[in-house]
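Engineer: Please see the structure below; I have some questions.
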Amino acid sequence: MTTSQWTPLSPCSSQDPDTWFTEMQPIPTLDSHGGEDISRSSSPSTTRQIGERQRVNAKHFSSRTPLIREPSLPSLPPNATGVPTVKNRLYIKDLLAAAISLVCFALSFIAVENNEVSWRLGQGTNQLVVLGFLLSIMNLCLGSVAPTLFLLLEAKFGSSTLQNYDGILRNQVLASKLGKVWRLVLGTMLALPIFLSVAYKRFGGGESSKVFNPTAYTGNTSYYGMFAPPGLQFLGERTGIMFFANSTLPFLVATSSTDDTGAEPPLPSQEQSYGYNILLLNNESTAILDIPQPDYVSSVQGSLAIGESWRLTAPVLLEGSCNGNVLPYAKQLIITDINFFVGYYYMPSLIQFLGPFATTRNGSVWNYSYMATGIAAMLWSRIIAVEGAAGGAAEINATPFWVAGNNSVTNPTLEDVGLIYPINDKVVYTRPTLRKSRWLYLVLGTQPLLLLVVILLSISLYSTPLSNGFGMIAILSGIDRISLDSLGGAALSGELATSMKLAIQTSEKDNTGSIGYQVMPTTNHLRNGKLETSVVYH
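In the UniProt record's numbering, the protein residues as written are 1 to 538.
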């Protein structure tokens, strides 16, 4: 009876010095009686030949002699379940990962750059969530492709150690005996998504705007007119002094001396607004603007999130004419009724407002502007206090105060006399979003760019005898079983006392080939083999 073993031979002089051959030869088996070899002739010459051959083999074997497969293709066993294949330059999985990553980048770009999309998302909620989700998908796509390139680089340019392959496959930065370069690379790959998730959040401070009809948003018709500002409608104030002070205070603060020297700000070169309803047209003219209905403003303010704003735009009367028909009696009352006589109510306020121009500011360029603003605000605040439009929606259809007791007038509403009116205003709704910055786009495109680089480098390493199917099954399928003895003791710990090399050799015949793996000391400098194109390997 005979058994077989792998025995090494020296390289042939006519072959590549890096190509090693082995020979299968029988091992003598002794019988239980005389210890003779019952598988061969018992002649002395035969015995000496066997011994000489064994001594030659022993002489050629050293720590530098690899144990590898013979160049002839081994046949597959009948019960083999492995699937032989040709190595492709591109795999569908890699193309799919690249396509998904690029689509995610395109979506993230649109979520920032497109004004409509970014406005609907908004920075505070959906925009950050969507970008974080897309970055996570791009990271998964990169993580599904990058390990194959790392394995190819290790097999082509690295020490091809078993520990490096294991650490790359398991993505373990702290794996035992893992090379320093691969610790750095794997650590960078783990830190990259964390860095990107922090980096894109640093681009706050942008904004996106959308123009729309407020009626569709609030569901109510927008009323403008001589309304009191929100919060001051129902205080029972009927003189108008409070409304006067509230309206003119922003103008007073913005146009007064800014320091002890008495230096005043210059007159604006164009129209300038102050507060919520004062518009300085020039140094001699001031307009008190009609404002939106208070309930309308309060409703909008309550619906706005932090950082959001509405810019309301409504048409106003720029120029009037006195050549038309005489106004109806009810509409004349607003300027003829005795109730609007301001009398002594405003004297203290006017002294406070205009007094400095008789003393410390008597040479000021603002004196005409203050006079125009004070008179306009005085008349406006008195009308607000008397006619009843200080209220909210419930008083839109109310009868003006000065008309209610007049029997000669059919009770008109505030809208009838022209104090308030519906209007089709336009709203520019602004929301805070991420800034539209090229650096933000670079952050979002980092992973897709790296993925494309990984695929291109993997294609350039086509001849390296690894593919994206490399792993435990591939190694066990082609491993030299005898070489596994050096791994004894690591069945549970998975750790080795020293680094071990995983040699990868190939052999081809016609259009078929095989790949063999063998574990050996790292002191052996055997180079890994190369794959041929259009060859089916098993």
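The beta-carbon is built from N, C-alpha and C at its ideal position, and this holds for glycine as well.
Please read these numbers as outputs of a predicted model, since none were measured by experiment.
Measuring CB to CB, does L232 end up less than 8 Å from N220?
Structural biologist: no
Engineer: Give me the Cα-Cα distance between L30 and S486, rounded to the nearest whole angstrom.
Structural biologist: Residue placement at L30 is poorly supported in this model, since its pLDDT is 36, which falls under 50; the coordinates still yield a value, given next. When rounded, the distance between both Cα atoms is 28 Å.
Engineer: Looking only at DSSP bridge pairs, what is K426 linked to?
Structural biologist: T313
Engineer: Is the stretch 478–495 in contact with the stretch 505–519, if contact means three or more CB pairs nearer than 8 Å?
Structural biologist: yes
Engineer: What number of angstroms, rounded off, separates the C-alpha of G179 from the C-alpha of Y537?
Structural biologist: 30 Å
Engineer: Return helix, strand or coil for G262, following the three-state DSSP convention.
Structural biologist: coil
Engineer: Kindly confirm or deny that the stretch 202–211 and the stretch 431–444 touch, where touching means at least three C-beta pairs closer than 8 Å.
Structural biologist: Touching, per the Cβ criterion.
Engineer: Compute the distance between the beta-carbons of Y224 and I291, then report whether it is under 8 Å.
Structural biologist: The answer is yes: Cβ separation under 8 Å.
Engineer: Can M500 and T161 be called in contact, C-beta distance under 8 Å?
Structural biologist: yes
Engineer: Hey, P294 and F227: beta-carbon distance below 8 Å or not?
Structural biologist: yes
Engineer: Grab me the residues of residue 542's own chain with a C-beta within less than 6 Å of its C-beta, minus the 5 sequence neighbours each way, in chain order.
Structural biologist: Since the first residue of the chain shown is 1 and the last is 538, residue 542 is not available in this structure.
Engineer: In the DSSP assignment, find the beta strand (DSSP E) that holds P521 and state where it starts and stops.
Structural biologist: 512–521
Engineer: Label Q301 either buried or exposed according to how many other C-beta atoms from any shown protein chain fall within 10 Å of its C-beta, with 16 as the threshold for buried.
Structural biologist: exposed
Engineer: Do you know offhand how far V443's Cα is from P147's?
Structural biologist: Rounded to the nearest angstrom, the two C-alpha atoms are 22 Å apart.
Engineer: By Cβ distance below 6 Å, which residues in the same chain neighbour R311 in space, the five residues on each side in sequence not counted?
Structural biologist: V428
Engineer: So that I know if they touch, is there some Cβ in chain D lying closer than 8 Å to that of Y517?
Structural biologist: In the displayed structure, chain D is absent; only one protein chain is listed.
Engineer: Using CA coordinates, which residue listed in Y346, G488, I475 is at the minimum distance from A385?
Structural biologist: Nearest to A385 by C-alpha distance, out of Y346, G488, I475, is Y346.
Engineer: On the DSSP letters alone, give me the boundaries of the alpha helix (DSSP H) that E116 sits inside.
Structural biologist: 115–121
Engineer: Residues bridged to P432 by DSSP?
Structural biologist: E207, per the DSSP bridge assignment.
Engineer: Exposed or buried, F105, counting other C-beta atoms within 10 Å across all chains shown (16 or more means buried)?
Structural biologist: buried
Engineer: Let me check understanding here. Comparing Cα to Cα, which of V130, M378, S118 lies closest to T286?
Structural biologist: The option with the nearest alpha carbon to T286 is M378.
Engineer: Please return the same chain residues whose Cβ sits closer than 6 Å to the Cβ of Q172, not counting the five positions on each side in sequence.
Structural biologist: none
Engineer: Around the Cβ of G167, are there at least 16 other Cβ atoms within 10 angstroms (buried) or fewer (exposed)?
Structural biologist: buried
Engineer: My guess is that Y370 and L350 are in contact by the Cβ rule of under 8 Å, so how many angstroms apart are they, rounded?
Structural biologist: Actually they do not touch by this definition, with Cβ atoms about 10 Å apart.
Engineer: If you follow the alpha helix (DSSP H) that Y165 is in, where does it begin and where does it stop?
Structural biologist: 162–170
Engineer: Does the stretch 188–203 come close enough to the stretch 277–286 that 3 or more CB-CB pairs lie under 8 Å?
Structural biologist: no
Engineer: Compute the distance between the beta-carbons of G489 and T506, then report whether it is under 8 Å.
Structural biologist: no
Engineer: Helix, strand or coil for N79? Go by DSSP, reduced to three states.
Structural biologist: coil
Engineer: So is A98 buried or exposed if we call it buried at 16+ other beta carbons inside 10 Å?
Structural biologist: The residue in question, A98, is buried, as its Cβ has 16 or more Cβ neighbours within 10 Å.
Engineer: Span of the alpha helix (DSSP H) holding L451?
Structural biologist: 438–460
Engineer: Can you give me the Cβ contacts of R238 inside the same chain, cut-off strictly under 8 Å, excluding the 5 residues immediately before and after it?
Structural biologist: The answer, listed in chain order, is A385, V386.
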